[in-house]
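Report on one structure; see the data block that follows.
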Amino acid sequence: MRANNKIRAREVLVIDVDGKSLGVVPIAEAMTTARRRGLDLVEVSPNAVPPVCRILDFGKYRYEISKRDRDGKKNTSATKVKELKFQLNIDGHDFEVKMRQAESFLMRGMKVKLIVAFRGREMMHQDRGTNLIARIRADLAGAGLADSEPRLINKNITMMLTPNPVHKRVRKFTHEDDEYDDSDDSDLIDEHDDHDDEAHDTAPAAEGTPAPAEGATPAPQAEAPSQPAAPAPKYKNKKPAPVVERNLVPGVPDL
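The sequence shown begins at 1 in this note's numbering and counts up one residue at a time.
Here it is, written out as structure tokens:
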């Protein structure tokens, strides 16, 4: 962006500070007019013939453009996509949980990618998957609309939902204070995640010695002996074998 004496054109179309056209004038005359007003001559359309210049505050103009660009990038980066995965045989409770999550994301301006996953021989029943995603689409129509028709990719039927304009969003499954926390890093919410914690919490405890009933007097425990008991004799009341004296002199019998 060029301004003042950096403008290279010999003649320019000048737009005054109030938006009124001053016609095509030589560049020197245009700069003089801008200086008289205490402002700058800024080239806003360099490719036009002749180039278009406006009389304005160049510093303020650059700040407004920079702020507009920053706001645009911020809005673009703030757009999130949430993925929700449905199994073909999902039960009623899990379906309700998924629908509340999807509606909550759409109501907060997030896109939602719906995935209906087939497992094994379920691919033989693609019509059930098509009917399921059509039902989801219809139930969430108040919060968001599909970007395109559902597509079959490998073993999944996918569809992207985009939030409706804020003033047209209607809730069906949630209330304003029911919003789900999305601070986690993962964006894929699988249907089986809904009960993993519950199953873990309700798992039976390991078998062991049962706790005594409430109010019962615990049985006294035997104290361990301070010293180990002496081992019992292996043989009791047995007469010792007679001692036989042997004579080592040849020819003399033993006693």
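The beta-carbon is built from N, C-alpha and C at its ideal position, and this holds for glycine as well.
Spatial distance of residue i from residue j (CA atoms)
{"i": "Pro26", "j": "Val12", "result": "6 Å"}
{"i": "Ile133", "j": "Arg62", "result": "49 Å"}
{"i": "Lys131", "j": "Asp71", "result": "The amino acid occupying residue 131 in the given sequence is Asn; Lys does not appear at that position. So the two alpha carbons sit approximately 41 Å from each other."}
{"i": "Leu56", "j": "Arg36", "result": "12 Å"}
{"i": "Val170", "j": "Gly144", "result": "9 Å"}
{"i": "Ser45", "j": "Gly23", "result": "15 Å"}
{"i": "Ser66", "j": "Val49", "result": "27 Å"}
{"i": "Gly92", "j": "His167", "result": "30 Å"}
{"i": "Lys60", "j": "Leu41", "result": "13 Å"}
{"i": "Leu84", "j": "Ser148", "result": "17 Å"}
{"i": "Asp127", "j": "Arg108", "result": "32 Å"}
{"i": "Arg68", "j": "Val97", "result": "39 Å"}
{"i": "Gly129", "j": "Pro51", "result": "59 Å"}
{"i": "Asn5", "j": "Glu64", "result": "22 Å"}
{"i": "Ile90", "j": "Lys172", "result": "20 Å"}
Contact set for residue i: own chain, Cβ-Cβ below 8 Å, skip 5 residues either direction
{"i": "Arg119", "result": "Gln87, Leu88 and Lys155"}
{"i": "Ser21", "result": "Leu13, Val14 and Ile15"}
{"i": "Arg151", "result": "Ile157, Thr158 and Met159"}
{"i": "Phe95", "result": "Phe86"}
Three-state class that DSSP yields for residue i in the structure shown
{"i": "Lys111", "result": "strand"}
{"i": "Pro3", "result": "The question names Pro, yet the displayed sequence has Ala at residue 3. The answer is strand: DSSP assigns Ala3 an E or B state."}
{"i": "Val44", "result": "strand"}
{"i": "Val97", "result": "helix"}
{"i": "Glu64", "result": "helix"}
{"i": "Ser21", "result": "strand"}
{"i": "Glu191", "result": "Low confidence applies to Glu191: its pLDDT is 41, below 50, so where it sits in the model is not reliable, and the reading given next is rough at best. In this structure, Glu191 counts as helix in the three-state DSSP scheme."}
{"i": "Thr174", "result": "coil"}
{"i": "Leu88", "result": "coil"}
{"i": "Gly142", "result": "coil"}
{"i": "Lys155", "result": "coil"}
{"i": "Val81", "result": "strand"}
{"i": "Arg121", "result": "helix"}
{"i": "Ala211", "result": "Any reading at Ala211 is ruled out, since the residue's pLDDT is 49, under 50, leaving its predicted position unreliable."}
{"i": "Leu39", "result": "coil"}
Best match in the options for proximity to residue i [C-alpha to C-alpha]
{"i": "Arg2", "options": "Glu43, Ile65 and Gly23", "result": "Glu43"}
{"i": "Lys113", "options": "Glu122, Arg121 and Ala102", "result": "Ala102"}
{"i": "Met31", "options": "Ala9, Asn47 and Lys20", "result": "Ala9"}
{"i": "Asn153", "options": "His125, Lys172 and Val116", "result": "A small correction: the amino acid at residue 153 is Ile; Asn does not occupy that position in the sequence shown. Minimum Cα distance to Ile153 is reached at Val116."}
{"i": "Lys82", "options": "Ile157, Arg68 and Phe105", "result": "Phe105"}
{"i": "Gly19", "options": "Ile7, Cys53 and Lys6", "result": "Cys53"}
{"i": "Ala141", "options": "Ile90, Asn164, Phe95 and Asn5", "result": "Asn164"}
{"i": "Leu39", "options": "Asn47, Phe58, Pro51 and Met99", "result": "Phe58"}
{"i": "Val17", "options": "Lys6, Glu29 and Ala34", "result": "Ala34"}
{"i": "Asn47", "options": "Ile7, Glu29, Arg135 and Ala28", "result": "Ile7"}
Nonlocal neighbours in the same chain, by C-beta distance under 6 Å from residue i, ignoring five residues either side
{"i": "Lys80", "result": "Met110"}
{"i": "His125", "result": "none"}
Cβ-Cβ separation, residue j to residue i (assumed contact under 8 Å), whole Å
{"i": "Ala138", "j": "Leu161", "result": "About 12 Å separates the two Cβ atoms, so there is no contact after all."}
{"i": "Thr174", "j": "Arg100", "result": "5 Å"}
Proximity test, Cβ basis, 8 Å: residue i and chain C
{"i": "Glu96", "result": "Of the protein chains in this structure there is only one, and it is not chain C."}
Nonlocal neighbours in the same chain, by C-beta distance under 7 Å from residue i, ignoring five residues either side
{"i": "Met123", "result": "Lys155"}
{"i": "Asp185", "result": "Confidence is the limiting factor: at Asp185 the pLDDT is only 39, short of 50, which leaves the residue's position unreliable, though a coordinate-based value still follows. Correct list: empty, nothing qualifies."}
{"i": "Arg135", "result": "none"}
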